[in-house]
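Residue numbers (this note's numbering), protein chains in the order written: chain H, 16 to 321; chain U, 5 to 389. To keep things clear, I will list the structure first and then write my remarks on it.
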């Protein structure tokens with residue numbers, strides 16, 4: 016499957032292991048990625064807060080660049096990109112006059128956004144809806160047997176359900192659950208799975224932000240999760256990078272590894288944990304991996320290898 | 005008729021007993037509401053069930069509850085749909101969250117919701133001098149605030165708010181949407197003061213985490229989070245620089261995307277604290293923050309998650325594309341007036357040929373959308389499908 020590929024900013028900035036692991040996983044799934052390296056930041060809702068028209072124009076430019084690749088499908092690997100780009104696309108598609116005004120701003124660069132020519136899907140949606148979980152099961156080399164995985168979706172990819180096309184036919188707010196099972200893992204249901212990681216207010220109210228992260232991590236630990244998996248690199252920043260501080264603000268020990276979606280996929284597809292950048296996490300994924308053996312789960316964690 | 009089983013969260017503080025679950029099986033058609041189910045249980049099975057309700061038609065906002073863990077109006081949720089979404093086929097009904105329970109499904113709205121509404125001075129502070137006759141307000145500006153005026157004060161957004169769950173002092177979505185109702189009203193005399201107050205409050209407009217929960221929960225399409233974003237936008241127009249880093253964060257984000265095309269995270273954090281320039285990181289507030297985050301920064305560097313080069317230089321898109329992004333910034337920011345599309349007011353084009361009807365800013369359908377009290381959403385046309 017050939018796709019226009021939008022990696023986002025954070026996957027190439029503070030979570031380089033996400034972009035890297037996606038590059039490793041793609042060939043194993045026969046995904047040919049045409050990277051949109053000329054596109055700009057989606058704005059993550061903050062540019063829209065500053066100026067809605069600016070966010071809509073920048074994302075219309077990204078969609079227009081995706082159209083130029085000739086692939087009708089654009090894939091992203093970030094919940095926040097999915098949410099903010101879908102919000103812009105909804106406005107662009109809803110009103111032809113508005114769309115024309117945005118296109119007039121793009122015109123000097125010879126770019127133009129056309130309604131209906133780009134479908135923008137997160138890797139998670141693409142795997143379930145287009146690649147297929149049966150096909151994925153057939154490619155699993157190392158089932159995540161005995162690995163207890165807590166799904167953490169990120170707000171932008173599950174709300175609002177109307178805009179994101181989530182309903183009984185497309186239960187996109189259950190796809191991580193379905194994917195973990197398809198990879199042979201055990202899904203851990205816990206209170207925070209659909210809640211907010213707190214990242215957007217980390218600079219405004221650090222206390223509330225990190226208490227949110229700490230509470231969800233704690234809930235998952237109490238439900239006996241070995242790790243969390245998230246399709247959102249911004250959630251990963253608060254849940255992994257900031258976890259030592261979240262322990263301080265939340266008042267309890269945590270130490271729960273948080274994996275990016277392509278990393279979990281890669282482990283099940285037989286890739287080496289080192290190749291997936293797991294050594295780059297702030298919280299060592301020792302409960303997930305015995306580093307000396309590269310075997311998933313069931314190893315007691317902590318003492319072995321890394 | 006079909007049978008539906010409801011599992012209600014019961015609690016009577018005067019009994020001295022802990023809360024408990026009780027199941028009731030009712031016989032109703034699937035398109036009947038969860039509220040009718042609760043009322044049948046109360047009428048025929050157990051008269052002691054506590055539920056607050058009045059209009060039964062999603063107008064009065066009395067019967068907010070949690071149905072299968074999600075906030076909504078009991079009168080606005082069909083039994084068959086609720087049963088399909090239940091984890092074991094039994095419809096679970098609990099009192100709303102983030103507010104104390106008075107009895108069973110009745111929560112203390114005075115203690116939380118109404119206190120927060122009162123916090124934002126929920127009335128018009130008129131301009132002086134008072135005109136001899138009525139105030140004249142431009143039509144467009146009043147259309148702009150119809151969305152926040154559609155609120156029925158049911159408290160569903162307050163119950164669903166994920167920020168409030170952690171920080172009970174947060175002013176919250178309902179009150180902030182109410183605040184925009186006056187900030188957006190040209191007849192109000194204290195727009196700046198209202199904005200300044202809510203920007204400086206450590207639990208004010210910058211405490212919203214942008215989680216969309218209130219948008220999802222609101223039965224009337226008010227989209228409180230969108231109103232909060234508008235408050236922030238207008239506060240920016242008034243150049244209100246708050247002590248919570250709210251404005252600095254937004255300004256730094258925009259400046260960095262304009263400068264690099266992509267987000268330069270390592271610059272964003274110090275600038276949010278120290279000010280929106282390259283020198284921001286040398287401000288004492290940024291230094292303090294850097295010190296506080298030292299354990300995290302050290303580990304990120306040790307694990308090669310972040311390289312010193314990456315942290316200093318950031319990443320950029322190619323030169324020509326950066327020029328194109330900067331041209332877009334300049335074009336949009338040089339406009340005299342913001343070009344904003346509010347889909348609650350404009351609705352959606354039926355098809356491209358019908359676009360002329362939408363008018364500039366798409367206000368032709370305003371009356372229709374407001375009458376229904378619902379955004380004209382057509383999920384089938386969602387661009388993500």
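Virtual Cβ for every residue (Gly too), placed ideally from N, Cα, C.
At a cut-off of 7 Å between beta carbons, residue 220/H contacts chain U. At least 7 Å separates the beta-carbon of residue 71/H from that of residue 24/H. Out of 256/U, 301/U, 329/U and 224/U, the CA that lies nearest to the CA of residue 349/U is found in 224/U. Sequence-distant Cβ neighbours of residue 17/H in its own chain, meaning closer than 6 Å and more than five residues away, are 47 and 86.
Counting only Cβ-Cβ distances below 7 Å, residue 213/U has contacts in chain H at 211, 213, 215 and 216, in chain order. Interface criterion not met: the Cβ of residue 102/U is under 7 Å from no Cβ in chain H.
Here the region 178 to 190 of chain H makes no contact with the region 220 to 232 of chain H; the two share fewer than three CB pairs at distances below 8 Å. For residue 283/U, there is no enclosing beta strand (DSSP E), as DSSP marks it with neither H nor E.
If only complete runs of 4 or more residues are kept, the region 224 to 249 of chain U shows the alpha helix (DSSP H) at 228 to 241, in order along the chain. Contact annotation: residue 64/H and residue 233/U have beta-carbon atoms nearer than 7 Å. With a threshold of 7 Å between beta carbons, residue 299/U makes contact with chain H. 232/H is the residue among 232/H, 38/H and 21/H whose C-alpha sits nearest the C-alpha of residue 268/H. One thing to note: residue 295/H has its Cβ no nearer than 7 Å to the Cβ of residue 56/U.
Within the model, the alpha-carbon separation for residue 123/U versus residue 131/U is close to 21 Å. From the beta-carbon of residue 244/U, no residue of chain H is found nearer than 8 Å; the closest lies around 14 Å away.
Legend: CB atoms of the region 74 to 105 of chain U lying less than 8 Å from CB atoms of chain H belong to residues 88.
With fewer than 16 other beta carbons inside 10 angstroms of its own, residue 29/U counts as exposed. Boundaries of the alpha helix (DSSP H) harbouring residue 261/H: 258 to 265, taken from the DSSP string. Neighbours of residue 60/H in chain U, taken as residues whose beta carbon is under 7 Å from its own, are 214 in chain order. Nearest to residue 68/U by C-alpha distance, out of 197/U, 94/U, 105/U and 9/U, is 105/U. For residue 127/H, the closest C-alpha among the options 140/H, 78/H and 211/H is that of 78/H. Residue 166/H is bridged by DSSP to 244/H.
With contacts defined as CB atoms closer than 7 Å, residue 54/U and residue 119/U fail to qualify as a contacting pair. Between residue 198/H and residue 36/H, the C-beta gap is not smaller than 7 Å, which leaves the two residues out of contact. Close to chain U, meaning a Cβ-Cβ distance shorter than 9 Å, are the following residues of the region 167 to 189 of chain H: 170, 171, 173, 174, 175, 176, 177, 178, 179, 180, 181, 182, 183, 185 and 187. One thing to note: residue 227/H has its Cβ within 7 Å of the Cβ of residue 170/U. Around residue 276/H, no beta-carbon contact reaches into chain U at under 7 Å, the shortest distance being about 17 Å.
Inside the region 38 to 118 of chain H, DSSP marks whole alpha helix (DSSP H) runs of 4 or more residues at positions 61 to 65, 67 to 83 and 94 to 109, from first to last along the chain.
What residue 146/H touches in chain U, judged by beta-carbon distance under 8 Å, is nothing: the nearest beta carbon there is about 17 Å away. A distance below 6 Å between beta-carbons, with the five flanking residues on each side excluded, links residue 206/H to the following residues of its chain, in chain order: 234. Of the candidates 228/U, 210/U and 211/U, 228/U places its Cα closest to the Cα of residue 217/U. Separation of residue 73/U and residue 96/U (C-alpha to C-alpha, rounded to the nearest whole angstrom) is 7 Å.
At a cut-off of 7 Å between C-beta atoms, residue 205/H does not count as an interface residue with respect to chain U. Within chain H, the residues whose beta carbon sits less than 8 Å from that of residue 322/U are 52 and 53, listed in sequence order.
Residue nearest to residue 38/H within the set 297/H, 302/H, 301/H and 278/H is 278/H (criterion: CA-CA distance).
The Cβ of residue 260/H sits closer than 7 Å to at least one Cβ of chain U.
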